[in-house]
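Here the sequence shown is numbered in full-length UniProt numbering, starting from 1 and rising by one per residue. Glycine residues also receive a C-beta, built at the ideal position from the N, C-alpha and C atoms. Since the structure is predicted, the reported quantities are computational estimates derived from the model, not experimental observations. Since the structure comes first, as structure tokens, the remarks are kept for the end.
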Amino acid sequence: MAEWGARWPLTARRMGSRGREFKHRSSQTMDPWTSAQDVVRCTLCETSVAPLYCEVCLIHLCKDCVEKHFSDSSKVHKVVTLKQYCTTQNPIKQCEQCDIPICVQCISGEHFGHNPIHRDQLTEQFGSLSTLSLTTEVQDYSMLTQWAKSSPPDLSLMDESKVITAIDTEYERLYCVMCLNDTKVWACGDKDMMILYNLRRECVKSIKTKSGNLPQDIAVTRNGYLVYTDSEDRTVDMVKEKKIKKMIKLRGWKPSGVCSTSSDDILVGMASDDDNQSKVVHYSGSIEKQTIQYNDKGQRLYSSVGYISENRNLDICVSDNRARAVVVVNQAGKLRFTYTGPPSTIQKPFNPVGITTDSQGRILTADSADNNHRIHILDQDGQFLRYIDNCHLQYPWGLCVDSRDNLFVAEHTGKIKKMQY
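This is the structure in structure tokens:
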């Protein structure tokens, strides 16, 4: 089977009161003079193999022709790799659970039991898809980033959040979830291992920690490598090519939360051995670049550092469980705001744990306070927008979003839920 196939998903991104947003990808047209090997050629030069596809212009592209294609500024182009698509037959339906296009063979195989929706039916239901303005997305090709600086489309919050897929894991207690890509997520909890799951609820692989201790938190680098913190061993470790490499060894401090940044560095939260001090340290590889611990008045920014997320404006968002607050600083480490819960006539307890951000700069944090079972959504300036509290959440803990702004929630009960919000 060829490495490059083509299938074009039609994805409902948001269904809020301000309208709907979709992506449209056309069906594949096989190049007749290469069909024996199932090779797709570049639409522009007609000679080179095309590992890329523009979803706006509906054409195949080779790497050499991408710059020329982006020079057409009349459209906001969206370029994706073909390797994520179905390589068997022309896709005719959309898998609602996995949010990808599927063919007849997929329906009876990997996606058996899922809910397939015919793409023509979606087109009829939602109308014309030709006028959508899309942001440029480039996967795996860093040479394209200088042409991919358009702002993301405005994705409104839905009227009601909904669960797309639920995955029962092997954990009794689940603490963290992190997307490897749009179809696979890493999880960690009350076992000495990290487990990778796909959206078919299958365990793809598992990796034991080097020390045998429980991992404290996990992150995925831009190259797809898994990073985890080992609080007892005072290390930050990376899993690369089936080997575990010790990146950072701390003295006098224990690591807690970790996240990968847009520059492929890592941010590590940590607490002193006596548990009286907390800070966030910015690393490039194993080299310390920046320490964030105090505000301009010399006061401590954090009582504890639980989970960390970098926002699209490069703000650093931290859930401070001990202070019952979300603390946000800018890239330079200057305090921007502290969120302690929404204004309310009846103040309910707020106990933030997992935290993540989406393409709109919104901040989402799980609230583990007793009987809350909800997620807070803030704008990037700390203004409360709304709760997610209608999806039978049970002690939501770890959070992450994929490239399509689908939310993954690790419930403390051991279940992962993929949601649209």
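Round the Cβ separation of residue i and residue j to the nearest angstrom and send it over; I've been treating them as touching at under 8 Å.
{"i": "VAL258", "j": "ASP217", "result": "5 Å"}
{"i": "HIS373", "j": "GLN394", "result": "6 Å"}
{"i": "ARG201", "j": "ILE164", "result": "About 12 Å separates the two Cβ atoms, so there is no contact after all."}
{"i": "MET178", "j": "VAL220", "result": "5 Å"}
{"i": "GLY398", "j": "THR169", "result": "Wrong, their Cβ atoms sit about 11 Å apart, outside the cutoff."}
Where does residue i fall in DSSP's three states?
{"i": "HIS77", "result": "coil"}
{"i": "VAL66", "result": "helix"}
{"i": "SER344", "result": "coil"}
{"i": "GLY189", "result": "strand"}
{"i": "THR338", "result": "strand"}
{"i": "LYS297", "result": "coil"}
{"i": "GLY257", "result": "strand"}
{"i": "ALA366", "result": "strand"}
{"i": "GLU137", "result": "Any answer about GLU137 is weak, because its pLDDT of 39 lies below 50 and its placement is not dependable; what the coordinates show is given next. Coil, per DSSP."}
{"i": "GLY398", "result": "strand"}
{"i": "GLU55", "result": "coil"}
{"i": "PHE408", "result": "strand"}
{"i": "HIS373", "result": "coil"}
{"i": "LEU61", "result": "strand"}
{"i": "LYS210", "result": "coil"}
{"i": "LYS415", "result": "strand"}
Please list the terminal residues of the continuous beta strand (DSSP E) segment that includes residue i.
{"i": "LYS162", "result": "162-168"}
{"i": "CYS317", "result": "316-320"}
{"i": "GLY269", "result": "266-272"}
{"i": "TYR171", "result": "First-last for TYR171: undefined, no H or E at that position."}
{"i": "TYR283", "result": "278-284"}
{"i": "GLU202", "result": "Counting along the chain, GLU202 falls outside any beta strand (DSSP E), and DSSP gives it neither H nor E."}
{"i": "HIS325", "result": "The amino acid at residue 325 is misidentified as His; the sequence shows Ala. Segment 325-329, the beta strand (DSSP E) holding ALA325."}
Which residues does DSSP pair with residue i in a beta bridge?
{"i": "MET392", "result": "Checking the sequence, you will find His at residue 392 rather than Met. The partner list for HIS392 (beta bridge, DSSP) is empty, contrary to what the question assumes."}
{"i": "ARG41", "result": "VAL49"}
{"i": "ASP217", "result": "THR229"}
{"i": "SER71", "result": "Paired residues: none, contrary to the question."}
{"i": "ASP237", "result": "TYR228 and LYS246"}
{"i": "THR356", "result": "LEU364"}
{"i": "GLN420", "result": "LYS162"}
{"i": "VAL305", "result": "Bridge partners of VAL305: none, in fact."}
{"i": "PHE384", "result": "LEU378"}
{"i": "THR291", "result": "VAL281"}
{"i": "LEU196", "result": "TRP186 and LYS205"}
Using a Cβ-Cβ cut-off of 6 Å (strictly less than) and excluding sequence neighbours within five positions of residue i, which residues of its own chain qualify?
{"i": "ASP320", "result": "TYR302, SER303, SER304 and VAL327"}
{"i": "ILE355", "result": "TYR307, SER309, CYS317, SER319 and THR365"}
{"i": "residue 429", "result": "An answer regarding residue 429 cannot be provided, because it is not within the stretch 1 to 421 covered by the chain."}
{"i": "GLU232", "result": "ASN213"}
{"i": "LYS417", "result": "VAL163, ALA166 and VAL409"}
{"i": "LEU44", "result": "CYS65"}
{"i": "ALA325", "result": "THR338 and THR340"}
For residue i, which residues in the same chain have their Cβ closer than 8 Å to its Cβ, ignoring the five residues on either side in sequence?
{"i": "ASP402", "result": "CYS179, ASN181, ASP182 and PHE408"}
{"i": "HIS412", "result": "ARG173, LEU174, TYR175, SER368, GLN394, TYR395, PRO396 and TRP397"}
{"i": "ARG336", "result": "ASP315, VAL328, VAL329, ASN330, ASP381 and GLY382"}
Measuring only from the beta carbon, is residue i closer than 7 Å to any heavy atom that is part of the ligand FMN?
{"i": "ASP389", "result": "As for the ligand FMN, it is missing from this structure, which has no ligand bound."}
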